[in-house]
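Peer 1: Here the sequence shown stands for residues 22 to 95, numbered as in this note's numbering.
Every residue gets a Cβ at the ideal spot worked out from N, C-alpha and C, and that includes glycine.
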Amino acid sequence: AAHHTTLDIFAVADALATRGWYVDRQQPPPSIHLTVNAVHARTYREFLSDLDAAVDEITARATKGTAGAYGTVD
Numbered sequence: 022a023a024h025h026t027t028l029d030i031f032a033v034a035d036a037l038a039t040r041g042w043y044v045d046r047q048q049p050p051p052s053i054h055l056t057v058n059a060v061h062a063r064t065y066r067e068f069l070s071d072l073d074a075a076v077d078e079i080t081a082r083a084t085k086g087t088a089g090a091y092g093t094v095d
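What follows is the structure, given as structure tokens:
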């Protein structure tokens, strides 16, 4: 994982959703999570291509994404 100060990862998740991919949004820190296993071998190239396109789209538009609100009980 890497910390990126200018890329809104939740906007990337939204852009992936418009392409048919579901990734979990997590925080803190802002991040996305997905599970990959052998069944995904036939689609990983398409996912990576869509991920590249999503990042390009978000960096070009400087779009803000959506994230769920989570709380903890101490």
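How many Å lie between residue 79 and residue 32 at the Cα?
Peer 2: Within the sequence shown, residue 79 is the residue found at index 58, counting from 1. Within the sequence shown, residue 32 is the residue found at index 11, counting from 1. Each residue's alpha carbon lies about 7 Å from the other.
Peer 1: Decide if residue 69 is buried, meaning its Cβ has at least 16 other Cβ atoms within 10 Å, or exposed.
Peer 2: On the sequence shown, position 48 is the one that residue 69 refers to. When all chains shown are included, residue 69 counts as exposed.
Peer 1: Does residue 22 come out as helix, strand or coil in the three-state DSSP assignment?
Peer 2: Position 1 of the sequence shown, counted from the start, is the residue given in the question as residue 22. Because the pLDDT at residue 22 is just 49, under 50, the model does not fix this residue reliably, and the value given afterwards should be weighed accordingly. Coil, per DSSP.
Peer 1: For my contact list, residue 46 and residue 34 are in at a C-beta cut-off of 8 Å; report their separation, rounded to the angstrom.
Peer 2: Against the sequence shown, residue 46 aligns to sequence position 25. Against the sequence shown, residue 34 aligns to sequence position 13. Rounded, the Cβ-Cβ distance is 5 Å, consistent with contact.
Peer 1: Taking the DSSP output, what are the residues bridged to residue 47?
Peer 2: Mapped onto the sequence shown, residue 47 falls at position 26. 52.
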